[in-house]
């Protein structure tokens, strides 16, 4: 009962916070509107942003704002998703290999740490020039960014399996294959999803950033075009808002999938 | 037993080193280029990159200083701000937790998208391009670093060892003492956990913020400018420098962590 009550009030509190931030935004927007010559460039009103999204005024060629952002969104999300999937599979396989063989772990682990410290996003332009294709480089960068969190967290998950469980499997005379499929892999799922939750928004960020480097049809391209004055500045604000929303949504979707795959974790969380 | 441990220690150094050398040789002999389908123009040989770093060391050092200023300044500002948010949230527990849920949602926002607007915010701050664009970059890095610090520090301030809070209560310790003697020290390891995330991301944030900044200085901007000009070896030299900055800051953090948390068991 207490938990339930807490949960319902939690949602309410978050709602109040969102409202509070909106109010603060509006106060600043009013100040900016009164003092600056071009308030849209600095901080437009929230309603202007939302209104612009739903208005049927043509912003670019024959497309309205919603259509324009919709198609751009599709492009960006698709590349991010492909890169994310590739990075996830590779990261998971590497973690598995590292847990299977000490030699692989010793070779790969320092480099895994290194990848985390290397500013991959800073390398975006060079990857673009090596691959020569904006779509490929979006996928490559999203994959590299996804790779590390997934791999490191999955490995931590393998290591965190209680010794007793492995000993129990040993006493069952289970084969190595069974040990993995029955014990290790299921118990590292929550860790695996921690990695996914970190990397999903990162993959989207990567995709948007790569967009800004070259023309094309993604969210980032629209963003830089709007900044250069090719379209109204409200396009820019709508994209900021939309990318924030899809970033948060991607995180939530990962949480949702986790709940579907391992519902037993839910009861664990409650207490 | 002892020889076995030494052997495993040696192998954990030798094996990665051997792997690194192999990559280096593959790269230098252009076999790597054939594998990923690049040429020596876009992916220059390591020796050439080294040469360029040596030849341009002066201007590279200058740009490095600028980037470091932004990264460290933003890291400090973001960490302090994040910690303060955590303290406030820990004091007003009921409302704070909800606020933090929102802050952690900020983590998922592609902050890159914000970088161009921040330039507009600082436009009236100063007549000097140098000052206002540095301020804009620092703000972006600050936003990058705040969320992870506040979430982790909040956990450190509230997830106390069982009974330690009861012990303080039995001492009749006032809230402020509980905070200073129990919560603050308890949060230290969590602060380092946060820093391990935000130190690399402060470097990334600084590089990306430079892409959008008004002023065309800094390591990140040089990577982009040199690629636009088609000078790939120089761009690679700056990439190597950027990686070195990231690694150096991380090593520094590890050393500081070792010293500060010397008397604690690592969890």
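Residue numbers (this note's numbering), protein chains in the order written: chain Z, 1 to 271; chain D, 272 to 538.
Note that the Cβ used here is the ideal one computed from N, Cα and C, for glycine as well.
Test item: CB-CB of residue i and residue j under 7 Å
i: residue 457 (chain D); j: residue 438 (chain D); result: no
i: residue 346 (chain D); j: residue 473 (chain D); result: yes
i: residue 469 (chain D); j: residue 419 (chain D); result: yes
i: residue 412 (chain D); j: residue 477 (chain D); result: yes
i: residue 80 (chain Z); j: residue 203 (chain Z); result: yes
i: residue 183 (chain Z); j: residue 169 (chain Z); result: yes
i: residue 480 (chain D); j: residue 386 (chain D); result: yes
i: residue 17 (chain Z); j: residue 373 (chain D); result: yes
i: residue 149 (chain Z); j: residue 198 (chain Z); result: yes
i: residue 506 (chain D); j: residue 494 (chain D); result: yes
i: residue 475 (chain D); j: residue 247 (chain Z); result: no
i: residue 333 (chain D); j: residue 404 (chain D); result: no
i: residue 314 (chain D); j: residue 304 (chain D); result: yes
i: residue 250 (chain Z); j: residue 200 (chain Z); result: yes
i: residue 521 (chain D); j: residue 117 (chain Z); result: yes
i: residue 262 (chain Z); j: residue 189 (chain Z); result: yes
i: residue 490 (chain D); j: residue 513 (chain D); result: yes
i: residue 49 (chain Z); j: residue 241 (chain Z); result: yes
i: residue 94 (chain Z); j: residue 151 (chain Z); result: yes
i: residue 106 (chain Z); j: residue 286 (chain D); result: yes
Any C-beta of chain Z under 7 Å from that of residue i
i: residue 478 (chain D); result: yes
i: residue 474 (chain D); result: yes
i: residue 521 (chain D); result: yes
i: residue 294 (chain D); result: no
i: residue 517 (chain D); result: yes
i: residue 283 (chain D); result: yes
i: residue 535 (chain D); result: no
i: residue 348 (chain D); result: no
i: residue 415 (chain D); result: no
i: residue 538 (chain D); result: Residue placement at residue 538 (chain D) is flagged as unreliable, the pLDDT there being 47, under the threshold of 50; the coordinate-derived value follows with that caveat. Taking Cβ atoms only, chain Z never reaches closer than 7 Å to residue 538 (chain D), which makes this a no.
With 16 other Cβ atoms within 10 Å as the buried cut-off, status of residue i
i: residue 47 (chain Z); result: exposed
i: residue 268 (chain Z); result: Residue placement at residue 268 (chain Z) cannot be trusted, given a pLDDT of 47 that sits under 50; what the coordinates show is reported in the next sentence. With fewer than 16 other Cβ atoms within 10 Å, it is exposed.
i: residue 295 (chain D); result: exposed
i: residue 461 (chain D); result: buried
i: residue 238 (chain Z); result: buried
i: residue 328 (chain D); result: exposed
i: residue 362 (chain D); result: exposed
i: residue 142 (chain Z); result: buried
i: residue 312 (chain D); result: exposed
i: residue 279 (chain D); result: exposed
i: residue 211 (chain Z); result: buried
i: residue 306 (chain D); result: exposed
i: residue 523 (chain D); result: exposed
i: residue 30 (chain Z); result: exposed
i: residue 498 (chain D); result: buried
i: residue 417 (chain D); result: buried
i: residue 408 (chain D); result: buried
i: residue 176 (chain Z); result: exposed
i: residue 235 (chain Z); result: buried
i: residue 260 (chain Z); result: exposed
i: residue 400 (chain D); result: exposed
i: residue 527 (chain D); result: exposed
Cβ of residue i within 7 Å of any chain D Cβ
i: residue 44 (chain Z); result: no
i: residue 150 (chain Z); result: no
i: residue 41 (chain Z); result: yes
i: residue 270 (chain Z); result: With a pLDDT of only 38 at residue 270 (chain Z), under 50, the local geometry of the prediction cannot be trusted, and the value read off the model is given with reservation. No, its Cβ sits nowhere closer than 7 Å to a Cβ of chain D.
i: residue 227 (chain Z); result: yes
i: residue 257 (chain Z); result: no
i: residue 70 (chain Z); result: no
i: residue 107 (chain Z); result: yes
i: residue 23 (chain Z); result: no
i: residue 121 (chain Z); result: yes
i: residue 82 (chain Z); result: no
i: residue 267 (chain Z); result: With a pLDDT of 47 at residue 267 (chain Z), under the threshold of 50, the predicted position of this residue should be treated as unreliable, though the coordinate-derived value follows. So no, residue 267 (chain Z) is outside the interface.
i: residue 140 (chain Z); result: no
i: residue 65 (chain Z); result: no
i: residue 254 (chain Z); result: no
i: residue 118 (chain Z); result: yes
Residue i beta carbon near the ligand GDP (any heavy atom closer than 6 Å)
i: residue 176 (chain Z); result: Absence of the ligand GDP is noted for the structure shown, with no ligands found whatsoever.
Please name the residues in the stretch 350-380 of chain D whose beta-carbon is closer than 8 Å to at least one beta-carbon of chain Z, in chain order. 365, 366, 368, 369, 370, 372, 373, 376, 378, 379 and 380
Listed in chain order, which residues of the stretch 387-399 of chain D have Cβ atoms closer than 9 Å to some Cβ of chain Z? 387, 388, 391, 392, 394 and 395
Looking at chain C, which residues of the stretch 423-449 of chain D have a Cβ within less than 7 Å of any of its Cβ atoms? Although the question refers to chain C, the structure presented lacks it and instead comprises the protein chains Z and D.
Members of the stretch 301-330 of chain D near chain Z, C-beta cut-off 8 Å: 307, 309, 313 and 314
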